[in-house]
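Going down the list, the protein sequences come from chains C and U. The opening position of the first sequence corresponds to residue 220 in the working numbering, with each subsequent residue numbered one higher. The opening position of the second sequence corresponds to residue 41 in the working numbering, with each subsequent residue numbered one higher.
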Amino acid sequence: EPEVTQTPSHQVTQMGQEVILRCVPISNHLYFYWYRQILGQKVEFLVSFYNNEISEKSEIFDDQFSVERPDGSNFTLKIRSTKLEDSAMYFCASSESGSGYTGELFFGEGSRLTVL
Amino acid sequence: GESVGLHLPTLSVQEGDNSIINCAYSNSASDYFIWYKQESGKGPQFIIDIRSNMDKRQGQRVTVLLNKTVKHLSLQIAATQPGDSAVYFCAENLQGGKLIFGQGTELSVKP
């Protein structure tokens, strides 16, 4: 069964450092997303991406965040200067359709970011 | 505004019993909802969805009920098994794949 893969599974970084989280979406999917989940809290939408540009972003996704699809397979989330409150599990997701009605948003297993 | 919430943070059931997990939403214009299951250390996994033109939808051992009058939906799991232990989230699916998740209910199944 196709799956979304994410690396690293866990990253520990110092406050102020740059972090890049990587995702390989399902190969025939065209819509890509990042969500995050602070420990014990609900999953929150960060950004959606289609056709090499951001479709929508939440207020969490400020200037410290950026996304990129550097090649035909990877989708990355960069946090330029990490803060303590960026510590969370970051989930990448992809879908075949962006209509929102398929329900089939496939999530990766997440990258846990710990900022010290 | 956008808001999706769950009534109970935890639910403990006996193996073989039926489980009911509830969810309330605030946006009366919401028209599409999804239930996700999240096992420990994993990402959310799609269980079942329902559109607002339906009141009920059934899957394998799961049923979702939607009451638009009181803006409430529920997930029913029949014959709950230990493998059903997880956190369950309802989510409102907005256009473009943006999901607004509720807080989650942790389901524990006692053998």
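No residue lacks a Cβ here, since even glycine has one placed at the ideal position from N, Cα and C. Owing to the predicted nature of the structure, the values given are computational and were not obtained by experimental measurement.
With a threshold of 7 Å on Cβ separation, who are the neighbours of residue i within its own chain once the five nearest residues in sequence on each side are excluded?
{"i": "C/Gln236", "result": "Thr301"}
{"i": "C/Pro227", "result": "Ser330"}
{"i": "C/Ile257", "result": "Ala307"}
{"i": "U/Lys111", "result": "Ala64, Tyr65, Ser66, Ser68"}
{"i": "U/Ser125", "result": "Leu147, Ser148, Val149"}
Please report the straight-line C-alpha distance between residue i and residue j, rounded to a whole angstrom.
{"i": "U/Leu46", "j": "U/Gly144", "result": "Legend: pLDDT at U/Leu46 = 49, less than 50; position of this residue unreliable, no value from coordinates given."}
{"i": "C/Thr224", "j": "U/Arg97", "result": "30 Å"}
{"i": "C/Phe251", "j": "U/Ile74", "result": "18 Å"}
{"i": "C/Arg299", "j": "U/Glu79", "result": "30 Å"}
{"i": "C/Ala312", "j": "C/Glu323", "result": "10 Å"}
{"i": "U/Glu42", "j": "C/Gly259", "result": "Residue placement at U/Glu42 cannot be trusted, given a pLDDT of 45 that sits under 50; what the coordinates show is reported in the next sentence. The straight-line gap from Cα to Cα measures roughly 20 Å."}
{"i": "U/Phe141", "j": "C/Asp290", "result": "30 Å"}
{"i": "U/Ser52", "j": "U/Pro151", "result": "11 Å"}
{"i": "U/Ala64", "j": "C/Phe280", "result": "26 Å"}
{"i": "U/Gln54", "j": "C/Val262", "result": "28 Å"}
{"i": "U/Ser148", "j": "U/Asn62", "result": "15 Å"}
{"i": "U/Asn93", "j": "C/Ser277", "result": "28 Å"}
{"i": "U/Val127", "j": "U/Gly56", "result": "18 Å"}
{"i": "C/Asp305", "j": "U/Gly123", "result": "32 Å"}
{"i": "C/Glu275", "j": "C/Leu303", "result": "25 Å"}
{"i": "U/Thr120", "j": "U/Lys77", "result": "14 Å"}
{"i": "C/His248", "j": "C/Ser292", "result": "10 Å"}
So which residues of chain C does residue i contact, with C-beta pairs closer than 8 Å?
{"i": "U/Gly123", "result": "By Cβ distance, chain C contributes nothing, its closest Cβ being about 17 Å from U/Gly123, past 8 Å."}
On the DSSP bridge list, what partners appear for residue i?
{"i": "C/Phe264", "result": "C/Tyr254"}
{"i": "C/Val243", "result": "C/Thr224"}
{"i": "C/Asn293", "result": "C/Asn293 is not bridged to any residue."}
{"i": "U/Leu51", "result": "U/Leu147"}
{"i": "C/Met234", "result": "Partner(s): none; C/Met234 has no beta bridge."}
{"i": "C/Arg288", "result": "Beta-bridge pairing links C/Arg288 to no other residue."}
Which residues of chain C have a Cβ atom closer than 7 Å to the Cβ of residue i, listed in chain order?
{"i": "U/Gly83", "result": "Phe310, Phe326, Gly327, Glu328, Gly329"}
Which chain U residues sit within Cβ distance under 9 Å of residue i?
{"i": "C/Ser314", "result": "Gly137"}
Given residue i, which residues of its chain have a CB within under 8 Å of its CB, disregarding the five upstream and five downstream residues?
{"i": "U/Ala118", "result": "Asn58, Arg101, Val102, Thr103"}
{"i": "U/Leu139", "result": "Ile74, Ala131, Glu132, Asn133"}
Would you mind telling me which residues of chain C sit closer than 9 Å to residue i, beta carbon to beta carbon, in chain order?
{"i": "U/Gln143", "result": "Gln260, Lys261"}
To which residues of the same chain is residue i closer than 6 Å at the C-beta, ignoring the five residues directly before and after it?
{"i": "U/Thr50", "result": "Glu146"}
{"i": "C/Phe268", "result": "Phe251, Val286"}
{"i": "C/Lys297", "result": "Ile239, Ser285"}
{"i": "U/Leu106", "result": "Ile90, Asp95, Leu113"}
{"i": "C/Val231", "result": "Thr333"}
{"i": "U/Gly83", "result": "none"}
Name the chain U residues whose beta carbon is nearer than 8 Å to that of residue i?
{"i": "C/Ser300", "result": "Correct list: empty, because the minimum Cβ distance to chain U is about 26 Å."}
{"i": "C/Glu323", "result": "Phe86"}
{"i": "C/Phe284", "result": "Here the premise fails: no neighbours, minimum Cβ distance about 16 Å."}
Item to check | Runs of beta strand (DSSP E) lying entirely within the stretch 90–127 of chain U, each at least 3 residues, in chain order | outcome: Secondary structure within the stretch 90–127 of chain U: the beta strand (DSSP E) runs of 3 or more consecutive residues, fully enclosed, are 96–98, 102–107, 112–117 (chain order).
Checklist entry - Along the chain, which unbroken stretches of the beta strand (DSSP E) at least 3 residues long are found entirely within the stretch 52–87 of chain U? => result Entirely contained in the stretch 52–87 of chain U, the beta strand (DSSP E) runs reaching 3 residues are, in chain order, 59–65, 72–78.
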